[in-house]
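Each remark here refers to the structure printed beneath this line.
In the working numbering, the protein residues as written are 62 to 179.
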């Protein structure tokens, strides 16, 4: 029984990690935004894994949505592009919070199951 609970917990932790990787966001840039988009932002728009990597870096660096908007403004990005990345980053933060909450609940359930089986 104990091994089964540990196996379930490992599976739930894996599920939580993969859920963060499952974040996707589509962009719909106009021609000018697409032309003048900085290289990293073009790559983020085209490569979901790079988008997740950059958003994770921003979040781990405690960069708020407002910080990111200020950064993109300093890069002279278009208003439409800034708005789309702002929405995407906000959605990413919400997604990560939801995954963390689900992982916390799963961990509590696993602990309760372990305590009930002990």
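Even for Gly, the Cβ is constructed at its ideal location relative to N, Cα and C. Note that the coordinates shown come from a computational prediction; the quantities given were computed from them, not determined experimentally.
**Study point:** residue 87 to residue 117 span [Cα, whole Å]
**Key:** 17 angstroms
Review point. Alpha carbon to alpha carbon, how far is residue 95 from residue 103?
Key: 7 angstroms
Check your understanding: Comparing alpha-carbon positions, which option in 131, 171, 157 lies nearest residue 84?
Key -> 157
Review point. So, does the CB of residue 107 fall closer than 8 angstroms to a CB anywhere in chain B?
Key: Note that chain B does not occur in the displayed structure, where there is just one protein chain.
Check your understanding: Skipping 5 residues on each side, what residues in its chain have a beta carbon closer than 7 angstroms to that of residue 93?
Key -> 139
Check your understanding: Any heavy atom of the ligand ADP within a distance shorter than 7 angstroms of the CB on residue 150?
Key -> Of ligands this structure carries none, so the ligand ADP is not represented either.
**Study point:** Option nearest residue 105 by Cα separation, candidates 163, 122, 149
**Key:** 149
Review point. Under a Cβ-count criterion, where at least 16 other Cβ atoms within 10 Å of its own Cβ denotes burial, should residue 40 be classed as buried or exposed?
Key: Residue 40 falls outside the range modelled here, since the chain spans only 62 to 179, and no answer is possible.
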